[in-house]
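Colleague: My structure is below; once you've seen it, I'll send some questions.
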Amino acid sequence: MPTLQADAAPIAGDERAGRWAPWWVLAYVALWPLPGIAETVLGLGAVYAAVRMIMRRLQRRPHLLTPAAWALTSILFLGYWLPQAFSAFDAIDPAASWTKAAAGLRYLPFMWLVAIAVATPQRRRLIFGGLALITALWTLDALVQALAGTSPWFWSLQQLKLAVSGHALCPAEEMALADRLSGPLGPCNLKFGQVLASLSPFLL
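Under the numbering used here, the residues of the sequence shown are numbered 151 to 354, in order.
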């Protein structure tokens with residue numbers, strides 16, 4: 151019996167180590183209507199994931215990712231990042247291009263974080279269910295906007311921003327120019343259609 155408990159301990163420890171990952175990813179997606187805060191969550195999550203993985207490797211503790219998951223996320227990242235880095239050599243503004251390419255490195259550890267978030271059946275149920283809920287709420291919000299002309303989600307965020315800083319999330323001039331549904335993302339970020347299309351599989 152003690153042998154069984156000892157064998158199960160690393161697995162339980164690994165579960166505890168990765169249980170924060172789905173919540174971090176869900177928080178990042180839920181905060182997309184607030185790009186600045188969402189980017190902060192992404193950056194902190196990337197740093198935290200990288201530090202945790204390095205620390206566990208140095209301590210010879212169970213890894214948070216399998217070699218296959220680590221390789222897949224790294225290859226997917228390189229497919230996105232390498233063209234950006236290569237194009238910087240011949241860019242009109244090399245400094246800006248290299249700065250953007252360097253900033254893009256944060257996506258690699260965040261992709262590791264996403265892989266950790268879906269590494270077990272329990273975490274997959276949590277994150278897929280959470281994404282489905284976010285998608286359903288944003289879809290309902292867009293339907294209300296289609297009927298009433300205003301997104302309740304974005305209106306609430308706008309009022310909160312005005313109360314906190316005295317500045318609007320989106321200037322009135324740009325709001326007046328919006329020619330389609332913007333949903334929770336607001337009329338200054340007219341990408342709701344693409345976002346909803348990307349998230350819809352989790353709801354369907």
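We put the CB at the ideal spot given by N, CA and C, even for glycine.
Using a 10 Å radius around the Cβ and a threshold of 16 neighbouring Cβ atoms, would you call G279 buried or exposed?
Modeller: Exposed is the call here.
Colleague: Would the beta-carbon of V264 fall within 9 angstroms of that of T223?
Modeller: Going by C-beta atoms, V264 is nearer than 9 angstroms to T223.
Colleague: Going along the chain, which residues of its own chain have a beta-carbon closer than 7 angstroms to the beta-carbon of L312, five neighbours each way excluded?
Modeller: Excluding positions up to five away in sequence, the list reads A318.
Colleague: Going by DSSP, what residue range makes up the alpha helix (DSSP H) through G299?
Modeller: Neither: G299 is in no alpha helix (DSSP H) and is coded neither H nor E.
Colleague: Is K341 helix, strand or coil when you go by DSSP?
Modeller: The answer is coil: DSSP assigns K341 none of H, G, I, E or B.
Colleague: Any contact between the stretch 293-307 and the stretch 200-212? By contact I mean 3 or more CB pairs, one from each, below 8 angstroms.
Modeller: No, because fewer than three Cβ pairs between the stretch 293-307 and the stretch 200-212 fall closer than 8 angstroms, the two stretches do not touch.
Colleague: Compute the Euclidean distance between the alpha carbons of R207 and V345, then round it to the nearest angstrom.
Modeller: Rounded to the nearest angstrom, the two C-alpha atoms are 36 angstroms apart.
Colleague: Considering only the alpha carbon of each residue, which of C338, G333 and T289 lies closest to A326?
Modeller: Per the Cα distances, C338.
Colleague: Using CA atoms only, rank isn't needed, just tell me which of P244, G333 and L349 is closest to L297.
Modeller: Among P244, G333 and L349, the Cα nearest to that of L297 belongs to G333.
Colleague: So the alpha helix (DSSP H) V179 belongs to, where does it begin and stop?
Modeller: First-last of the alpha helix (DSSP H) with V179: A171 to A180.
Colleague: Kindly indicate the opening and closing residues of the alpha helix (DSSP H) around Q234.
Modeller: Here the alpha helix (DSSP H) through Q234 covers P217 to A238.
Colleague: I'd like the list of long-range same chain contacts for L177, defined as Cβ closer than 7 angstroms, with 5 residues on each side in sequence excluded.
Modeller: For the sequence presented, residue 177 should be read as Ala rather than Leu. Excluding sequence neighbours, A177 sits near V191.
Colleague: Roughly how many whole angstroms lie between the Cα atoms of P321 and T270?
Modeller: Their Cα atoms are separated by approximately 44 angstroms.
Colleague: What is the rounded straight-line gap between the Cα of A219 and the Cα of G316?
Modeller: Spanning the two alpha carbons is a distance of roughly 45 angstroms.
Colleague: Rounded to whole angstroms, what is the Cα-Cα separation between F239 and W231?
Modeller: Roughly 14 angstroms between the two C-alpha positions.
Colleague: Once you ignore the five residues that flank R211 on each side, which residues in its own chain have a CB closer than 6 angstroms to its CB?
Modeller: Result list for R211: empty, nothing under 6 angstroms.
Colleague: Please report the distance separating the alpha-carbon of D243 from that of M261.
Modeller: Taking the straight line joining both Cα atoms gives about 28 angstroms.
Colleague: If you follow the alpha helix (DSSP H) that V191 is in, where does it begin and where does it stop?
Modeller: Run containing V191: P185 to L208, per the alpha helix (DSSP H) assignment.
Colleague: Along the chain, where does the alpha helix (DSSP H) containing V264 start, and where does it finish?
Modeller: Here the alpha helix (DSSP H) through V264 covers Y257 to A267.
Colleague: Expressed to the nearest angstrom, what Euclidean distance is found between the alpha-carbon atoms of L214 and W170?
Modeller: Between L214 and W170, the C-alpha separation is close to 12 angstroms.
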